[in-house]
Amino acid sequence: MHPDRFATSSDRDLRVAVQWATATNEAVRVLRDPVKRAALLCERHGHPVDAESNTSMPSPFLIQQMAWREALDEARDSGDPAALETLRRSLDSARTNLSQRVERAIDHQQNWAEAVAAVREWMFVERFADAVEAAEFALG
Amino acid sequence: MALLQIAEPGQSSAPHEHRLAIGIDLGTTNSLVATVRSGLPEVIIDESGRALLPSAVWYRANHAPVVGEGALANRITDPRNVVVSVKRWMGRSLSEIDSLADLGDSGPRSPVQVSAEILKTLRERAEQALGAAPDSLGIRHQEIMGAVITVPAHFDDAQRQATKDAARLAGIPVLRLLNEPTAAAIAYGLDQQAQGRFVVYDLGGGTFDVSILQLSRGVFEVLSTGGDTALGGDDFDRTLFEHLTGLIRPAARSGATPSALSDTDTSALSDADKSALRVESRRVKELLSTLAEVHVDFTLPSGLHLVAVVTAAEFETMSAALLNRTILTTRRALRDAGMQAGDADGVVLVGGATRMRAVRRAVADLFGREPLTNLDPDQVVALGAAMQANLLVGNRAPGDDWLLLDVIPLSLGLETMGGLVERILARNTTIPAARAQEFTTFKDGQTAMAVHVVQGERELVADCRSLGRFELRGIPPMVAGAARIQVTFQVDADGLLSVSARELSSGVEASVTVKPSYGLGDEAIAQMLTDAFGHAEEDARLRSLHEQAVDAERLLLATQTAIDQDGQLLSVADQALIGQRMAELSVLREALKDVDALRAGIAALSAATEGFAAARMDQAVRQALAGRRVEDLDTSV
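First to last, the protein sequences are chains A and B. Going by the working numbering, the first residue of the first sequence is number 1, and it counts up by one from there. Going by the working numbering, the first residue of the second sequence is number 141, and it counts up by one from there.
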């Protein structure tokens with residue numbers, strides 16, 4: 001159903017193929033991405049993550065976030081690639097921890113409240129990782 | 141054509157003749173065209189046996205433009221009217237490009253027009269070689285069904301659109317735009333039956349690309365891509381050019397004390413001098429790929445003289461900064477793919493500029509292994525494109541099948557309040573892809589919303605490339621934040637974007653296929669096409685008649701194949717109707733007289749087969765998905 005199979009077909013067939021392939025790519029994207037997959041699993045078990053409406057976070061996590069943000073601002077201002085690298089490493093270890101937390105909560109404990117909490121923190125971390133990456137791009 | 145051609149690999153459909161398809165590598169410095177003959181890809185050479193067509197066009201008033209060697213030959217005597225490296229300007233408007241706006245007496249030319257001249261020359265070369273050229277009556281007995289044209293993986297949407305427009309202008313039906321590194325991977329991967337993760341390092345005349353691909357069981361999946369559309373062999377020439385300029389001595393006969401012109405002062409050089417020196421710089425660079433040092437003893441057109449020795453080590457020092465940029469980009473692509481340099485199962489070098497020894501050494505150092513260079517780095521992209529074109533038109537030998545899963549090179553997003561970018565589709569998202577996001581109004585009673593589409597990785601709109609703007613009007617007045625405006629981005633398999641916006645409570649809708657602001661709208665292109673083909677109306681009529689005939693034939697063939705395979709899905713009445721429409725269309729096609737009747741016949745048959753097509757799609761999807769595990773799907777779709 002990939003559009004390349006319809007390269008010489010009509011526009012309409014090509015559009016249908018594009019839609020199918022798009023849907024498939026989207027499915028694969030969700031399944032491959034541990035955060036999205038975890039969020040989907042929670043939702044399927046009746047515990048939606050509601051990332052947009054539910055933004056209250058435990059305070060230790062918020063404090064950690066603020067420390068990271070400050071570190072990012074400093075790194076950006078000083079244009080220091082090494083500082084960004086350090087930040088990236090601490091993000092990576094946070095990601096690993098969260099992934100283990102989610103795995104425990106979903107696969108072993110079926111503790112959905114804990115899974116949802118961890119997934120939400122994880123989403124924050126990923127969004128922050130995007131900001132770090134943008135800063136790295138700006139540095140070149 | 142309404143009918144779906146669901147051909148299973150290895151199960152050849154219908155009696156099929158070989159369809160003509162070509163792959164075109166439209167390069168900064170050189171362009172090539174290739175095709176697959178007797179199952180093997182080969183580059184098509186011109187009557188003098190040359191594979192490479194220099195991407196140069198010479199414009200003169202009242203003369204047809206000259207493309208290739210003939211244009212290059214005039215570069216020194218008529219530098220203002222010879223356009224080279226036009227690919228660097230693709231997707232830019234004329235106001236951004238001085239050199240093209242001021243082309244001697246022949247008037248300004250857009251990059252799309254210049255590229256179209258090059259493509260036209262390649263098309264003619266292919267037609268000659270494949271027996272598809274018009275005969276003495278101007279009738280084509282065989283048509284090139286389509287072309288795959290390669291673009292740098294890092295080309296943004298504007299640059300891709302411009303390339304597609306150039307092909308249209310040159311009368312080439314485009315089957316697909318293909319990323320250059322992906323094309324190279326096809327040529328290598330299929331050649332070597334490779335499996336694993338491969339890095340393609342592609343340094344061309346004007347662009348640098350790096351792509352990381354996962355090859356498994358006939359699926360070429362691009363994991364990440366990176367690059368720089370303004371970095372290539374030309375830049376290495378320029379460092380040499382600047383170096384050599386600094387060594388020029390005034391001519392001995394002038395009697396003045398010999399003193400070097402300052403590094404930056406090239407004002408003493410005429411245009412012809414600079415052209416000659418550029419050609420010399422490139423010659424020196426190429427020699428340094430094999431020699432340890434090159435002696436330059438060269439007189440410029442104005443009589444200035446240049447004697448110098450350039451060593452390979454000196455050249456390496458001069459170009460270190462440029463090389464380093466490619467290595468940084470490569471590292472980033474590795475990181476995007478979640479890999480270390482040591483994880484690569486192979487590294488492929490593509491592009492003439494990878495002949496430089498310094499490039500080979502830097503790549504080998506980074507990956508800890510010697511790069512693969514067994515296919516000609518100038519030809520490998522065109523060969524891969526030809527293989528893909530051959531596959532797309534359906535010349536598939538049993539068991540000979542593969543699928544490309546490519547990605548978008550740069551994130552696509554929207555401008556939000558404060559000049560910030562809201563990223564909708566992240567870079568390295570597999571295409572085709574679509575994503576919808578909801579936005580809302582900012583002010584009470586707001587009835588319109590401007591949508592500004594941008595591409596790039598930076599947070600500020602000002603730092604990204606603007607692709608286009610449109611407005612969604614007619615939003616019912618509501619309090620700020622109450623309207624729900626859904627903006628959908630859709631990127632097709634060519635990497636081209638279309639955007640639509642819709643207010644969900646009222647259903648008001650607006651959409652654009654992003655036609656970026658580089659200055660060529662559909663109308664302008666249509667006009668140019670008319671200019672190009674309209675000289676003889678008869679020509680145009682014959683052309684469209686033949687196009688329709690090809691379409692009719694394709695539809696008839698596909699319908700017959702579908703009936704042979706899935707005829708059981710049709711009711712007796714439907715089958716009779718389709719049979720009748722097929723017979724009518726066959727008659728019209730044989731007669732080859734009336735374009736409108738032929739077009740109507742095609743439409744009638746298409747309409748009759750719509751339900752059938754839907755039924756077949758349902759069945760195909762059911763069969764494809766039944767009993768499959770999710771892990772298997774990503775490599776088999």
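Idealized CB from N, CA, C, for every residue including glycine.
Handout entry: For B:R762 and A:G46, the rounded distance between their alpha carbons
Key = Residue mapping note: residue 46 of chain A aligns to position 46 of the first sequence, counting from 1. Residue mapping note: residue 762 of chain B aligns to position 622 of the second sequence, counting from 1. Computed Cα separation, rounded: 28 Å.
Exercise for the section: Compute the distance between the beta-carbons of B:Q630 and B:R642, then report whether it is under 9 Å. Expected result: As a first step, residue 630 of chain B must be located in the second sequence, where it is residue number 490. As a first step, residue 642 of chain B must be located in the second sequence, where it is residue number 502. Contact check for B:Q630 against B:R642 fails: the beta carbons are separated by 9 Å or more.
Practice task
Starting from the Cα of B:R605, find the closest Cα among B:F579, B:L612, B:H592, B:P511 and give me that residue.
Solution key: Stepping through the second sequence from its first residue, residue 605 of chain B is reached at position 465. When each option's Cα is compared against that of B:R605, the closest is B:H592.
Problem - C-alpha distance - B:A334 paired with B:L318, whole-angstrom precision - result: One-based indexing of the second sequence puts residue 334 of chain B at position 194. One-based indexing of the second sequence puts residue 318 of chain B at position 178. Going from the Cα of B:A334 to the Cα of B:L318 covers about 20 Å.
Problem - Any C-beta of chain B under 9 Å from that of A:H2 - result: Against the first sequence, residue 2 of chain A aligns to sequence position 2. So yes, A:H2 belongs to the interface.
Practice task
Return yes when the Cβ of B:A323 is within less than 9 Å of the Cβ of B:T290, no when it is not.
Solution key: In the second sequence, the residue the question calls residue 290 of chain B occupies position 150. In the second sequence, the residue the question calls residue 323 of chain B occupies position 183. Contact: yes.
Exercise for the section: Measure from the C-beta of B:R563 to each C-beta in chain A and report whether the shortest distance is under 9 Å. Expected result: In the second sequence, counting from the first residue as 1, residue 563 of chain B sits at position 423. It does: the Cβ of B:R563 has a partner Cβ on chain A nearer than 9 Å.
Exercise for the section: Would you mind sorting B:A432 into buried or exposed? The rule is 16 or more other CB atoms within 10 Å of its CB. Expected result: In the second sequence, counting from the first residue as 1, residue 432 of chain B sits at position 292. With fewer than 16 other Cβ atoms within 10 Å, it is exposed.
Problem - Bounding residues of the beta strand (DSSP E) (the contiguous stretch that carries B:I123) - result: Chain B is shown from 141 up to 777; residue 123 of chain B falls before or after that span and cannot be answered.
Problem - Cβ contact check for the stretch 487 to 505 of chain B and the stretch 371 to 385 of chain B: 3 or more pairs under 8 Å - result: yes
Handout entry: Touching by the beta-carbon criterion (3+ pairs, under 8 Å), the stretch 509 to 522 of chain B and the stretch 532 to 550 of chain B
Key = no
Problem - Span of the beta strand (DSSP E) around B:V639 - result: Along the second sequence, one-based indexing puts residue 639 of chain B at 499. Run containing B:V639: 637 to 643, per the beta strand (DSSP E) assignment.
Problem - Whole-angstrom C-beta distance between B:L353 and B:V362, which should lie under 8 Å - result: Locating residue 362 of chain B in the second sequence gives position 222, where the first residue counts as 1. Locating residue 353 of chain B in the second sequence gives position 213, where the first residue counts as 1. Contact holds; Cβ gap of about 5 Å.
Handout entry: Residue closest to B:P517, alpha-carbon to alpha-carbon, out of B:L506, B:A692, B:V499, B:L531
Key = Working through the second sequence from its first residue, we reach residue 517 of chain B at position 377. The option with the nearest alpha carbon to B:P517 is B:V499.
Problem - Contact residues within the stretch 81 to 108 of chain A, judged by C-beta distance below 9 Å to chain B - result: none
Problem - chain A contact for B:P572 (CB, 9 Å cutoff) - result: Taking the second sequence and counting its residues from 1, the one referred to as residue 572 of chain B is at position 432. True, the Cβ-Cβ gap to chain A drops below 9 Å.
Practice task
Look at the Cβ atom of A:T98, then the Cβ atom of A:A129, and state whether they are nearer than 9 Å.
Solution key: Counting from one through the first sequence, the residue named residue 98 of chain A turns up at place 98. Counting from one through the first sequence, the residue named residue 129 of chain A turns up at place 129. First, the residue type needs correcting, since residue 98 of chain A is Leu and not Thr in the sequence shown. Result no, Cβ atoms of A:L98 and A:A129 do not sit closer than 9 Å.
Practice task
Starting from B:E209, follow the alpha helix (DSSP H) in both directions and report where the run begins and ends.
Solution key: Position 69 of the second sequence, counted from the start, is the residue given in the question as residue 209 of chain B. It spans 209 to 212 - the alpha helix (DSSP H) in which B:E209 sits, taken as one unbroken run.
Exercise for the section: Provide the residue span of the beta strand (DSSP E) that contains B:S442, from first to last. Expected result: Within the second sequence, residue 442 of chain B is the residue found at index 302, counting from 1. Run containing B:S442: none; DSSP gives neither H nor E here.
Exercise for the section: Kindly say whether A:F128, judged by its beta-carbon, lies nearer than 9 Å to any beta-carbon of chain B. Expected result: Your numbering for residue 128 of chain A matches position 128 in the first sequence. Output row for A:F128: interface = no.
Handout entry: Euclidean distance between Cα positions of A:D33 and A:A23
Key = Within the first sequence, the letter at position 33 stands for residue 33 of chain A. Within the first sequence, the letter at position 23 stands for residue 23 of chain A. Looking at the two C-alpha atoms, the distance is approximately 16 Å.
Practice task
Report, in whole angstroms, the separation of the C-beta atoms of B:L446 and B:F438, which I expect to be a contact under 8 Å.
Solution key: Stepping through the second sequence from its first residue, residue 446 of chain B is reached at position 306. Stepping through the second sequence from its first residue, residue 438 of chain B is reached at position 298. The pair is a contact, with the Cβ atoms about 5 Å apart (cut-off 8 Å).
Practice task
Whole angstroms is fine: what's the gap from B:G751's alpha carbon to B:P181's?
Solution key: Locating residue 751 of chain B in the second sequence gives position 611, counting from the first residue. Locating residue 181 of chain B in the second sequence gives position 41, counting from the first residue. When rounded, the distance between both Cα atoms is 39 Å.
Practice task
Taking only the alpha-carbon atoms, compute the straight-line gap between A:Q64 and B:G366 and give it to the nearest angstrom.
Solution key: Within the first sequence, residue 64 of chain A is the residue found at index 64, counting from 1. Within the second sequence, residue 366 of chain B is the residue found at index 226, counting from 1. Taking the straight line joining both Cα atoms gives about 32 Å.
Practice task
For A:V35, decide whether its Cβ has a neighbour in chain B, counting only Cβ atoms nearer than 9 Å.
Solution key: To locate residue 35 of chain A, count along the first sequence from 1; it is residue 35. No, no contact with chain B.
Problem - Interface residues of the stretch 18 to 32 of chain A facing chain B [CB-CB below 9 Å] - result: V18, Q19, W20, A21, T22, A23, T24, N25, E26, A27, V28, R29, L31, R32
Handout entry: Contact list for the stretch 513 to 542 of chain B against chain A, Cβ threshold 7 Å
Key = L532, V533, G534
Practice task
Output the boundary residues of the beta strand (DSSP E) element that contains B:L543.
Solution key: One-based indexing of the second sequence puts residue 543 of chain B at position 403. Start and end: 543 to 545.
Problem - Contact with chain E by A:E133, beta-carbon distance below 9 Å - result: Of the protein chains in this structure, namely A and B, none is chain E.
Problem - B:G286: contacting residues in chain A (beta-carbon distance under 8 Å) - result: In the second sequence, counting from the first residue as 1, residue 286 of chain B sits at position 146. By Cβ distance, chain A contributes A7, T8.
Problem - Distance between beta carbons of B:G286 and B:V314, contact taken as under 8 Å - result: In the second sequence, counting from the first residue as 1, residue 314 of chain B sits at position 174. In the second sequence, counting from the first residue as 1, residue 286 of chain B sits at position 146. So it is a contact: roughly 7 Å between Cβ atoms.
Problem - Cβ of A:A39 within 9 Å of any chain B Cβ - result: Here residue 39 of chain A is taken as the residue at index 39 of the first sequence, counted from 1. No, because no Cβ of chain B sits closer than 9 Å to the Cβ of A:A39.
Exercise for the section: Just grab the DSSP bridge partners of B:T290 for me. Expected result: Here residue 290 of chain B refers to the residue found at position 150 when the second sequence is read from its first residue. Partner(s): B:D165, B:L318.
Handout entry: Where A:A138 meets chain B, residues with beta-carbon distance less than 8 Å
Key = The residue labelled residue 138 of chain A in the question sits at position 138 within the first sequence. Those within 8 Å of A:A138 in chain B are R598, E599, D603.
Handout entry: Contact the stretch 562 to 580 of chain B vs the stretch 104 to 119 of chain A: 3+ CB pairs below 8 Å
Key = no
Handout entry: Reduced DSSP category for B:Q519 - H, G, I as helix; E, B as strand; rest coil
Key = Counted from its first residue, the second sequence places residue 519 of chain B at position 379. Per DSSP, reduced to three states, the secondary structure at B:Q519 is coil, with no helix or strand assignment.
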